[in-house]
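Residues -21 to -1, 1 to 333 in mature numbering (1 follows the signal peptide of the UniProt record, and there is no 0) are what the sequence shown lists, from first letter to last.
Okay, so here's the structure we're looking at.
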Amino acid sequence: MASRLLLASLVFFSFVFPISSPILPPETLMDAAEILSDSGFVAMSLTLELISQTLTSSASSATVFAPPDEAFRESGQPSLSLLLYHISPIKLSVENLQSLPLGAKIPTLFQNHSLVVTSPAYGVRVSLNQVWINGSAIYDFGPLSVFAIDRFFDPDLEVGGVPPPPPPPPPLYPSPGDAYDLVDCLGHSSSYGADSVARALDPLRSSGYSVIASLLDLQLPVMRDRMKMTVFAPVDEDMKRHLGNLSEWSSNFHAHVVPCKLIWTDLVSLAKGGVSLRTLLDGFSIRFTVISGNVLVLNGVPIIFPEIFTSDSLVVHGLQLALTAAEDGKLASDSFSEVSHNNHDESLLDYVEF
């Protein structure tokens, strides 16, 4: 038994804490800056070089949205806060962006400010904060992707009239606030299949959810019930803070799993009813609510990446923070806040002219 635990721990840490690249590699940022310059985005290339130290110290992956040089000339010298608003601490591919539903929130390095998806899911073009993303990625390698945009995002933009996705015909839910088991919700329990787990791992790791991917890989194959699952995956940076000894890995993982397949529209329906669901961690439940009109939260933690992966029996949604066990025996979130970073308003580009 001890040897199996040792093997499991070695496999887990090989995925979660890769020795070769624990942070966003500086050489990756320099490569991206060079390609930006060659592609005509000279201002953003210089910007990326200037803030490279901030990026490498605060994120292990990133998505950069690059305005054109003309936008820099028209707006003047951008503040550091505005520049950080154009960087998300998770890597997003064009497929990831196209799959995000209307109104979904994308975290940025600008504290307490998210980007909002303002285009329908699965469209050819994607807009964030009513700014179009121009085609495929300029740079997409390892933990970093870079996309061109038409102009600067406005962090003060009030994105109104963005409704949540329409819910499906309502199932027979219990009274609001009642915690209940979901073994038979939305269809009978069935085997999730090893192929579903295997296919989920790469999308999770490439999107900044390697911790939960490793726990999924280690624990789902030995789960006794072989039922449909919904996994709520915290981003790596926050999940790593909650890892303790080997015995706590299982508890942390089970606190983020409910025994039923729940796609985005199902979650919206649950939130409207104020329903709580039992997780696989005995005694712990997750309460679904909607705040600020269209932000879906679990115990106060927002879903920032709906349906990272979905199959016939397994769905994974991305969370901003990990759900943690409070001393009173209920699940609680650390807080409803963005990824924490220093909030500087000074300009980085006082000596750079465009």
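Even glycine gets a Cβ: it sits at the ideal position worked out from N, Cα and C.
Just so we're clear, the structure is a prediction, and the values are computed from it rather than from any experiment.
What are the start and end residues of the alpha helix (DSSP H) that includes residue i?
i	result
Pro5	Pro5 to Asp17
Phe211	It is not in any alpha helix (DSSP H) - Phe211 instead sits in the beta strand (DSSP E) that spans Met208 to Pro213.
Val21	Val21 to Leu29
Ser58	Unbroken run through Ser58: none, as it is neither H nor E.
In terms of residue numbering, what span does the beta strand (DSSP E) encompassing residue i cover?
i	result
Thr268	Ser264 to Ile270
Val247	Careful: Val247 lies outside any beta strand (DSSP E), inside the alpha helix (DSSP H) at Trp243 to Gly252.
Asp119	Tyr118 to Phe120
Leu79	From DSSP, Leu79 is part of no beta strand (DSSP E); its letter is neither H nor E.
Thr42	Ala41 to Ala45
Ser93	Ser93 to Val95
Phe288	Val280 to Thr289
Lys84	Lys84 to Pro86
Arg257	Ser255 to Arg257
Gly297	Leu293 to Leu298
Val125	Leu123 to Ala127
Since residue i and residue j should fall inside the 8 Å C-beta cutoff, what is the C-beta to C-beta distance between them, to a whole number of angstroms?
i	j	result
Phe232	Leu194	4 Å
Asp135	Ser72	About 28 Å; that fails the 8 Å criterion.
Leu79	Phe211	With 8 Å as the limit, Leu79 and Phe211 do not qualify as a contact, their Cβ atoms being about 16 Å apart.
Ile128	Ala41	The Cβ separation is near 15 Å, so there is no contact.
Thr87	Ile66	6 Å
Leu183	Val295	6 Å
Ala250	Val280	That pair is no contact at about 13 Å.
residue 381	Leu8	Residue numbering for the chain in the displayed model covers -21 to 333; residue 381 lies beyond these limits and cannot be assessed.
Ile265	Leu275	Their Cβ separation, rounded to whole angstroms, is 12 Å, which puts Ile265 and Leu275 out of contact at 8 Å.
Pro5	Thr35	6 Å
Kindly indicate which residue of the options has the alpha-carbon position closest to the one of residue i.
i	options	result
Leu61	Val43, Arg178 and Ala250	Val43
Thr209	Pro68, Asp291, Leu107 and Leu8	Asp291
Tyr101	Phe131, Gly252 and Leu81	Leu81
Ser37	Leu3, Pro57, Gln56 and Asp48	Leu3
Glu53	Gly279, Pro134, Leu246 and Arg130	Arg130
Ser16	Pro47, Ser31, Leu256 and Cys239	Pro47
Asp215	Ile14, Ala234 and Ala301	Ala301
Cys239	Trp228, Arg257 and Glu49	Arg257
Leu123	Ala22, Ser18, Val295 and Leu27	Leu27
Met23	Val105, Ser255, Leu76 and Ala11	Ala11
Gln77	Arg104, Trp228 and Leu59	Arg104
Ser18	His235, Val125, Val247 and Phe267	Val125
Ser185	Ile14, Ser39, Leu29 and Glu13	Ser39
Ser248	Phe267, Ser230 and Glu74	Phe267
Lys207	Gly253, Val237, Ser106 and Asn108	Val237
Ser58	Thr303, Asp196 and Asp133	Asp133
Met218	Glu49, Glu74 and Thr303	Thr303
His235	Trp111, Pro213, Gly55 and Val110	Pro213
Glu137	Ile14, Val96, Gly252 and Gly253	Val96
Ala50	Ile85, Val110 and Leu197	Val110
Ile282	Trp228, Ile85 and Asp196	Ile85
Who pairs with residue i in a beta bridge, going by DSSP?
i	result
Val237	Thr209
Val274	Ile270
Ile66	Val43
Ser106	Trp111
Is residue i close to chain B, meaning its C-beta is less than 9 Å from at least one C-beta of that chain?
i	result
Ser36	No chain B appears in this structure, which consists of one protein chain only.
Problem - Touching by the beta-carbon criterion (3+ pairs, under 8 Å), the stretch 85 to 94 and the stretch 115 to 122 - result: Result no; under three Cβ-Cβ pairs closer than 8 Å.
Problem - Cβ contact check for the stretch 277 to 287 and the stretch 240 to 258: 3 or more pairs under 8 Å - result: Judged by Cβ distances under 8 Å, the stretch 277 to 287 makes contact with the stretch 240 to 258, as three or more pairs qualify.
Exercise for the section: Would you be able to state if there are at least three C-beta pairs under 8 Å between the stretch 260 to 270 and the stretch 179 to 196? Expected result: Too few Cβ pairs lie closer than 8 Å, so no.
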